[in-house]
Amino acid sequence: MRVLVTGAARGIGRALVEALVARGDHVVATVRREGELAPGPRLEVLVMDVTDEASVRAARARCAAPLDLLFSNAGLSGGPQRAPGMDLARAANIVDVNALGALRVYDAFVDLLREAKAPWLVQFSSEAASLGAFRASSKPEYAMSKAAVNALTRWIAATEPHVRVVSLHPGWTRTAMGGEGAPRSAAETAGAVLRAVERLGPEHHGAFVDTDLAPIPW
Ligand SMILES: NC(=O)c1ccc[n+]([C@@H]2O[C@H](COP(=O)([O-])OP(=O)(O)OC[C@H]3O[C@@H](n4cnc5c(N)ncnc54)[C@H](OP(=O)(O)O)[C@@H]3O)[C@@H](O)[C@H]2O)c1
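Using the working numbering, read the sequence shown as starting at 1 and increasing by one per residue.
Shown next, in the form of structure tokens:
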């Protein structure tokens, strides 16, 4: 399989790259800065900042078809916010990375997915995005950005004739974003994500699920 992982310098993205290479896939990993990940025989590394359209287009120009699987993983959360006095510049950046970043990646790379036989786009969402099971979050812009990712998933599912898409909550994970208290390591989450992806079927196209493929309320 040919697989692209965005945001692969660390965290879940890095662990996914390591697991995919170990199982024999050909991986294209994107990082924000040169030198953050060493390429290997089955690992291409491209520089890409998902907030920068020119950077996304440049990475796309260096990537060959087909792509069987794309993990749109790059993300940002930020700390708690309280009104009045919210940090709106930070909020805008988080929406830019998580929501518009996913849109830029989809727009630039979808043609490579369309050339694969049974391609999947896995959009990294979060249970924090759920409106149906909403829990007061200390990070409103994160919840907003991931709800927008879910809207993009629904739109892609409604308009794409060939590419399958799913919004996946990877589970609370010990990364820079998840923090020390999370129950799963990045490697454990990567394993759970890959097992989930192996079990994806037509019924999951356009769905919002966790790594057990249990539906999460929109
Ligand atoms: N950890 C959790 O508990 C948890 C729970 C639910 C959902 N998620 C989602 O899972 C995904 C991975 O999270 P994580 O915990 O692995 O986070 P992480 O450890 O903070 O890693 C985030 C990755 O995204 C990259 N990134 C940030 N801004 C970017 C940009 N503008 N362009 C390209 N890449 C960018 C980072 O690159 P740099 O190293 O250059 O900053 C880093 O490689 C995210 O989408 C997150 O929202 C995580």
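Beta carbons are placed, not taken as given, at the ideal position from N, Cα and C, and that holds for glycine.
Closer than 7 Å to a non-hydrogen atom of ligand 1 - does that hold for the CB of S126?
yes
Quick check for students: name the residue ranges of the alpha helix (DSSP H) that lie wholly in the segment 58-128, counting only runs of 4 or more.
88-95 and 101-114
Is the closest heavy atom of ligand 1 to the C-beta of H26 under 7 Å?
no
Starting from the C-beta of P119, find all residues in its chain whose C-beta is less than 6 Å away, skip the five residues before and the five after it, and write them out in chain order.
D68, L113 and V163
Shortest alpha-carbon distance to V33 belongs to which of A22, P41 and D49?
Note that residue 33 is Arg in the sequence shown here, rather than Val. Checked all of A22, P41 and D49; the closest Cα to R33 is D49.
DSSP puts H26 in a beta bridge; with which residues?
R2
In or out: T159 buried (at least 16 other Cβ within 10 Å) or exposed?
exposed
Comparing C-alpha positions only, which one of T175, T153 and P161 sits nearest to G206?
T153
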